Each structure stands twice: as structure tokens, then as C-alpha cells.
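Residue numbers (our numbering): 670 to 1247.
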């Protein structure tokens, strides 16, 4: 009973973090990634067609960018257009992410329970299983990669669930799963196949590599690797079963789609083979470009965001335990091998991104929970410092919003009270050594709440065009310049019922830009400064506030003039009469 009471604060933190994922879910202004609008566009156009396949898009080069399961998910969640809201489209990703956090929690609790006696460091008391599970869930949900990619309508939430699910099952009972002759290879193959139908058939390679490493490394006779050549045929057969089934599940796309040749050309060749290309510049990019191997090597740290110091502390604690001769158990070894397999595989493509290692982050969270008591306090204090700094930035942004709109009541008192409370948590991490880990994570949760709260007014009336104007423009065409494919999809939410006509051109800011856009039609969307009229001769139909730093702004303006740096206005303007 006492142990359960000790875990209550961690359980409360994990639950609060999970519920925080729902706040602002329906808004356009939350931490997100640009591909979300690309996928939303394809899903909307496919739903409009009334058919599951083929996938549809207004852009010829942006159709079969991902397998269909991601788009089918949105079509069902959005009721084929009847409930086409960002909250509805994102909710399946949130459910997947919650389920992944629960998996991490259950696995951490089990592995903690399997650890007997004192913790590895200096005879410290062992972590309570319930507390370890809650910590793993909270840590995973507070990783910035989880917040940005697995909360929004992207592939990250589903693919992480299915991929980590295989490795979590393996870590739950390694010897039993690896010894299974048929049912685990079949279950693993089916799960990998679903992940492939969300992301890409290429996922069979890192998954197969991870399973191979586990077969070679985790053996019944102790924790040390024991190679037995006689086991190779059975091992190869199991991997072949999983791989073949996964590819068979993915191949259903080719079977069901009336245009399989388009899938081959646009997805297999365009989206996948092109990322593996080599050439004279391959090595120079790999070791010197922005897409170099270092991006992958540090991905588990950069994906952690504010919890980067905690992940670094976990790595240090694990290294120190290994130097003391403490062997990791089978289950922990599986988690390390999973991280290693993804890291090694994604070093190969010519295009590298830390996002590729998002499926490894639940394993990182579980390992953090296992080594929680051995992580030096300084690492948690570093997270508290980062959180306090970010909270200060969010307060500055909110102050800029008040100045820009001239509305002192833009944010409710509860928002400022929350900021103060979370800042106090970060400061308290220094004053209360016993509670430093809990207070540092609480401050990180405060950053998630602050990011949502600071932009909350702009998910409401301030960030939208008036309903009367939207109603008056129904059936009309508004011309919108874009620089990135799918960038204009958000206007299907801002201007429902209005025909959006994308034009590949620089964003409309100057009089010359506006004249060029007026050559296309009567109504044009224009970006402008918050305190200046957008044009002299045109008629402003309506405007809305757009959060986000303006191109060409100086970094110092973020502090000196937050109202100008962080906010701009977007106008619907009408062409002047001749």
C-alpha cells in the first residue's frame, strides 16, 4: 500500500500529460510538422472521390506519397468529410500514442519487477514497478518528438505503436518469443505489415535487422551472446516468415489499387529508392551536410527535446553500470538492440532525419525509467533550466500577442497562473533535492501546456476569418500563393466552402506580388504586417492573426518587439475595380 502511495505522484503526472494531448487538438496552431497538411489534402480529396482507392490529389507529384492506411484512417475518423476537423483527424494518432505509452509503462513495470535487490548504483533502493511504469509513460509523452509528430496527423503514432509493439513483446519474454517456431514470427510479421501499410515496405529491413540481432545476441544460456551455427536455419526461417508476411500485407495495396503502376513509379521509386541513392556527393553529404550521419547518431537525444539531459543521464548511468560489470538482462538488451538497429540502418539513406528514430523513443523512455534512480541530479536540473527558459519564451510570446491585438484580456488569469506554477516547479527542482526529478518533469509538462495555451486564442476567433465573411465567400475562388506543396490545405479549414486556388509563387507581401496574383482572379490572400494596411487600392474583405515569426525579422526583435516578430496578419483582399 505504501509503495502504491509513493507511485501516485508519478501516476498523476503521466495521466495529466496524457490528457494535455487533448487540449488544442482541433487547432491549426499547435506543435506540428508540415507534412500533416499534405496528408490531410490527400485524405480529403480521396474522401471526396467516394472511393478508398486510388488515392487522390490536386498535385500530380503528390498522390501516392504514403500507403493508404494513413489516409483511410482519416477518412473514417472524419466520416468521409462529414466531420472534417483537425481534432477528428488527429485523434487516432493520439489514441495510438496513448497505447504506446501504456505499452512502455507495462514493460517498464515488468522489467523493474524482474530486477531484484538494490539498484545498480551504490545500494540505492529499487524503483517501485508502478512508479517506473508511470515514469516511462510520462517521459515518452513529454519527448518533443512525441508531442510534435505522434500527436498530429502523421505516420509516427501508428508506425511507432506497431513497430515498438513487436519489440515490446520480445522484451517482455525474450527467450520464449525467440524460441517460438511459428506464432511469434506470424504475429510479428502481421504487425510489421500494418506498420508498412502506414509508412513504407522499407520498414521490414530495420525490423528484420533488429530481430536478427536479438536472435544472435539473446540466447538461453546466460546473457552473453552465444553463436550456434546449428540454429541458423531455424533463425532464417523465422525471419523469412515474418518478412514474407509483412510484405504480403503491404502488397495488398498493389492488389486493391486500380493503378498499381502509379504506386510503383510514385511511391516505390520516387519516395523510397530515391532516398537510398548514392553518387559523387554521397560521402560529402554524409559527413558534412545538414543531412549527415550525425543527425542519426544524436537522434535519440535531439528527439527528447527538453528531456535531452535526462536521456544523456540515462546513457551515462547505463555506461557506468556496464563498467562496474553489471550485465543487462535479456529484456534490457532487446531495447538497446532495437535502438542500435534503427540507428545503424538509417545511417545508410542519403536523406537522414531524426524523425526516422521516433519508433526507438518508447524504448528510450523505458530505459530512462529503469535507470531513474541512478541518473545524477544534475541532469534533471538541466531539464529544469531548459524548461524555465522555454516557459519564459512562451510568456514573452503571450505578451507579444497582447501588444499586437491590444487586448489585455487575451489570455485568462488561469494561463498566467499556470505559467507561474510551472516556473515555480522548475525553480523548486533546485531548492528541493528529493523532488528534483518529479519537479523537472512537471516543468516540462508546463512547457507543453504553455505552448498550447500561448496559441490558444489564435485557434479561436483571433486566428480565423469571421463566419459572416466565410459565408459570403462560399462558392467564390480565393487565390493563394504557396512555396511548399500542400501549404494551402489549411485554408480548407479556415475557409470552408470557399474554393482555394493555389499558385506556386512567393508569399504575397508586396504591391508587385499582389498585382501578379490579381491577374489570376478577384480575391487574393495576402500576408502583411500587423500594424499596416496591406495595400492602397484594394479592398480588404477580412483579416485574421497569424502566429509565427515573420520572414526577414531579426532575432533580437523576438525580445524587443515580440508583437512584430511573433505575429502577423493575413488578409483577404479584393481586386480594385477598373
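Cβ coordinates follow ideal geometry from the N, Cα and C atoms, glycine included.
Keep in mind the model is a prediction, meaning the values are calculated, not measured.
Assign residue i to one of two classes, buried (16 or more other C-beta atoms within 10 Å of its C-beta) or exposed (fewer than that).
| i | result |
| --- | --- |
| residue 1187 | buried |
| residue 1047 | exposed |
| residue 850 | exposed |
| residue 844 | exposed |
| residue 703 | exposed |
| residue 788 | Its pLDDT being 42, under 50, residue 788 is placed unreliably by the model, and nothing is read from it. |
| residue 707 | buried |
| residue 1085 | exposed |
| residue 1259 | Nothing about residue 1259 can be read from this structure; the chain reaches only from 670 to 1247. |
| residue 688 | exposed |
| residue 753 | buried |
| residue 814 | buried |
| residue 1245 | exposed |
| residue 1210 | buried |
| residue 718 | exposed |
| residue 1258 | Outside the modelled stretch of the chain, which goes from 670 to 1247, sits residue 1258, for which no answer is possible. |
| residue 899 | exposed |
| residue 906 | exposed |
Helix, strand or coil for residue i per DSSP?
| i | result |
| --- | --- |
| residue 1231 | helix |
| residue 1170 | strand |
| residue 1216 | strand |
| residue 870 | helix |
| residue 676 | helix |
| residue 686 | helix |
| residue 1197 | strand |
| residue 1236 | strand |
| residue 912 | helix |
| residue 1100 | helix |
| residue 809 | helix |
| residue 907 | helix |
| residue 1300 | Not covered by the structure: residue 1300. The range shown for the chain is 670 to 1247. |
| residue 899 | helix |
| residue 634 | Because the chain in this structure spans residues 670 to 1247, residue 634 falls outside the shown range and cannot be described. |
| residue 797 | coil |
| residue 1020 | coil |
| residue 818 | helix |
| residue 989 | helix |
| residue 728 | coil |
| residue 1206 | coil |
| residue 833 | helix |
| residue 709 | helix |
| residue 1134 | coil |
| residue 698 | coil |
| residue 1178 | coil |
| residue 756 | helix |
For residue i, which residues from the same chain have a beta carbon less than 6 Å from its beta carbon, with the 5 sequence-adjacent residues on both sides left out?
| i | result |
| --- | --- |
| residue 716 | 744, 749 and 750 |
| residue 1049 | 1105, 1106 and 1109 |
| residue 1174 | 1150 |
State yes or no: is the C-beta of residue i within less than 7 Å of the C-beta of residue j?
| i | j | result |
| --- | --- | --- |
| residue 780 | residue 1000 | yes |
| residue 812 | residue 972 | yes |
| residue 980 | residue 1021 | no |
| residue 1192 | residue 1243 | yes |
| residue 840 | residue 806 | no |
| residue 1091 | residue 1070 | no |
| residue 755 | residue 1042 | no |
| residue 826 | residue 765 | yes |
| residue 768 | residue 757 | no |
| residue 817 | residue 690 | no |
| residue 776 | residue 1035 | yes |
| residue 936 | residue 733 | yes |
| residue 1098 | residue 1032 | no |
| residue 810 | residue 759 | no |
| residue 879 | residue 683 | no |
Across which residues does DSSP place residue i in a beta bridge pair?
| i | result |
| --- | --- |
| residue 1150 | 1172 |
| residue 1211 | 1241 |
| residue 1192 | 1147 and 1243 |
Report all residues from its chain with a CB closer than 7 Å to the CB of residue i; omit the five preceding and five following residues, and keep chain order.
| i | result |
| --- | --- |
| residue 873 | 861, 865, 912, 915 and 916 |
| residue 1120 | 700 and 1063 |
| residue 722 | 737, 925, 926 and 927 |
| residue 1169 | 1147, 1149, 1157, 1160 and 1161 |
| residue 1127 | 698, 1214 and 1216 |
| residue 782 | 798 |
By Cβ distance, which residues of its chain are closer than 8 Å to residue i, with the 5 residues on each side in sequence left out?
| i | result |
| --- | --- |
| residue 882 | 1006, 1009 and 1010 |
| residue 1101 | 1108 |
| residue 1057 | 1092, 1095, 1096 and 1112 |
| residue 1118 | 689, 692, 1087 and 1091 |
| residue 771 | 806 |
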